[in-house]
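J.: Submitted below is the structure of interest, expressed as structure tokens.
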Amino acid sequence: MSKLNALRFATGTLLLGSALTLGIYGLSTLNNQSFADDDDDEHSEYRPRSEQPGTDTAAAQQYKQECGSCHLPYPAKLLPARSWQTMMASLDNHFGDDASLSAAAQAEILAYLSAHSASNHTRYLKGLAYNDTPQRITELPYFKRKHREVPERMVTGNPQVGSFSQCDSCHKDAAQGKFNEHTVVIPGFGRWDD
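For the sequence shown, the UniProt record's numbering begins at 1 and goes up steadily by one.
In structure tokens, the structure reads:
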């Protein structure tokens, strides 16, 4: 019986030691991950950049001039090419306005938007079905996730902002394609800190 007890003791010690080792390793890994960045910040936006890539071309300037005459010329990277194509094909009814352009200007701007649009591999399209063709940036799951904590009264109920589509009301660097959440200032409410 003593050999059997010694075998049981050795087996039990080995199993208990293995379980404790795995448990300690698991807890230490979990503990290290608790210090990891768990918010949705896009840290690439914290690095100073002069401009978004491709924004110094003639087509980009034409886009900024034509579209920027009525609203913020939203960065092309915020929508997939299929959305820009649909939007540019219906400029005669652009959210209730006639924003028609010459065929040449329309083709040049569409080429710019398509070339710089979001691909299916960017964070802006995460959660969007492959065949969805959003016409509003505010319809993107990414946009909704980034703005879910902002009370509507601060935006849609705020006459100084009006709607979530008025990015440049709160994001002062929106014209440069920068939407750093740490620099948001909501008119009438001050700096936003989630």
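No residue lacks a Cβ here, since even glycine has one placed at the ideal position from N, Cα and C.
Where Pro-187 and Asp-193 are concerned, what is the direct C-alpha to C-alpha distance, given to the nearest angstrom?
T.: Sequence index remark: in the sequence shown, residue 187 carries index 187 (1-based). Sequence index remark: in the sequence shown, residue 193 carries index 193 (1-based). If you take the alpha carbons of Pro-187 and Asp-193, they lie about 14 angstroms apart.
J.: Could you tell me which residues DSSP puts in a beta bridge with Gly-118?
T.: For this step, residue 118 is matched to residue 118 along the sequence shown. First, the amino acid is wrong: residue 118 is Ala here, not Gly. Under DSSP, Ala-118 takes part in a beta bridge, and its partners are Pro-80.
J.: How far does the alpha helix (DSSP H) with Glu-66 in it extend, from its first residue to its last?
T.: Along the sequence shown, one-based indexing puts residue 66 at 66. 58-68 is the extent of the alpha helix (DSSP H) around Glu-66.
J.: Is there contact here, the segment 62-80 with the segment 102-121, by at least three beta-carbon pairs under 8 angstroms?
T.: yes
J.: Based on the DSSP secondary-structure assignment, which residues constitute the bridge partners of Ile-186?
T.: Here the question's residue 186 lines up with position 186 in the sequence shown. Paired residue(s): Gly-190.
J.: State the DSSP-derived secondary structure class of Asp-98, mapped to helix, strand or coil.
T.: Indexing the sequence shown from 1 puts residue 98 at position 98. Three-state result, Asp-98: coil.
J.: DSSP on Arg-145, reduced to helix/strand/coil?
T.: Stepping through the sequence shown from its first residue, residue 145 is reached at position 145. In the structure shown, Arg-145 sits in a helix (DSSP, three-state: H, G or I).
J.: Hey, how far is the Cα of Arg-191 from the Cα of Gly-157?
T.: In the sequence shown, counting from the first residue as 1, residue 191 sits at position 191. In the sequence shown, counting from the first residue as 1, residue 157 sits at position 157. Distance between the alpha carbons of Arg-191 and Gly-157: 17 angstroms.
J.: In or out: Ile-109 buried (at least 16 other Cβ within 10 Å) or exposed?
T.: In the sequence shown, counting from the first residue as 1, residue 109 sits at position 109. Ile-109 comes out buried.
J.: DSSP three-state label for Leu-91, please.
T.: Position 91 of the sequence shown holds residue 91. Here Leu-91 sits in helix by DSSP.
J.: Hey, could you find the ends of the alpha helix (DSSP H) Asp-168 is sitting in?
T.: For the purposes of this step, residue 168 is taken as the residue at position 168 of the sequence shown. Run containing Asp-168: 167-170, per the alpha helix (DSSP H) assignment.
J.: When we look at the beta-carbon of Pro-151 and count the other beta-carbons within 10 Å, is it buried (16 or more) or exposed?
T.: As a working mapping, residue 151 is identified with position 151 in the sequence shown. When all chains shown are included, Pro-151 counts as exposed.
J.: Tell me the rounded alpha-carbon separation between Phe-143 and Phe-189.
T.: Numbered from 1 along the sequence shown, position 143 holds the residue referred to as residue 143. Numbered from 1 along the sequence shown, position 189 holds the residue referred to as residue 189. Phe-143 and Phe-189: Cα-Cα distance of roughly 21 angstroms.
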